[in-house]
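Enquirer: Before we start, here is the structure in question, set down as structure tokens.
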Amino acid sequence: MKDYSIYLWSTVFLSSMFGWGLFPLVGIGAFAIPVIALLILISNQLNRLESKWDQK
1 MKDYSIYLWS
11 TVFLSSMFGW
21 GLFPLVGIGA
31 FAIPVIALLI
41 LISNQLNRLE
51 SKWDQK
């Protein structure tokens with residue numbers, strides 16, 4: 001489970017590379033992919049912190 005954040009960060013990185021590659025083709029809509037991935041990352045980190053607080 002420790003590798004989960006690594007997978008998530010690589011997803012954010014790859015999706016941002018994908019977004020930058022698509023930017024000349026589709027314009028600003030390409031940035032929706034990394035933004036969504038970043039929101040997923042932040043929500044997972046917050047859930048992890050919340051579960052740590054609940055255990056104490």
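Residue numbers (the UniProt record's numbering): 1 to 56.
Even for Gly, the Cβ is constructed at its ideal location relative to N, Cα and C.
On a predicted model such as this, the values are computed, not experimentally measured, just so you know.
(1) Measuring alpha carbon to alpha carbon, tell me which residue in Y4, Q55, P34 and D54 is nearest F13.
(2) Within the same chain, show all residues whose beta-carbon is closer than 8 Å to that of M17, passing over the 5 residues directly before and after it, in chain order.
(3) Work out the CA separation of N47 and Y7 for me, nearest whole Å.
(4) Let me know if A37 comes out buried or exposed under the rule of 16 or more other beta-carbons within 10 Å of its beta-carbon.
Expert: For this structure:
(1) P34
(2) none
(3) 17 Å
(4) buried
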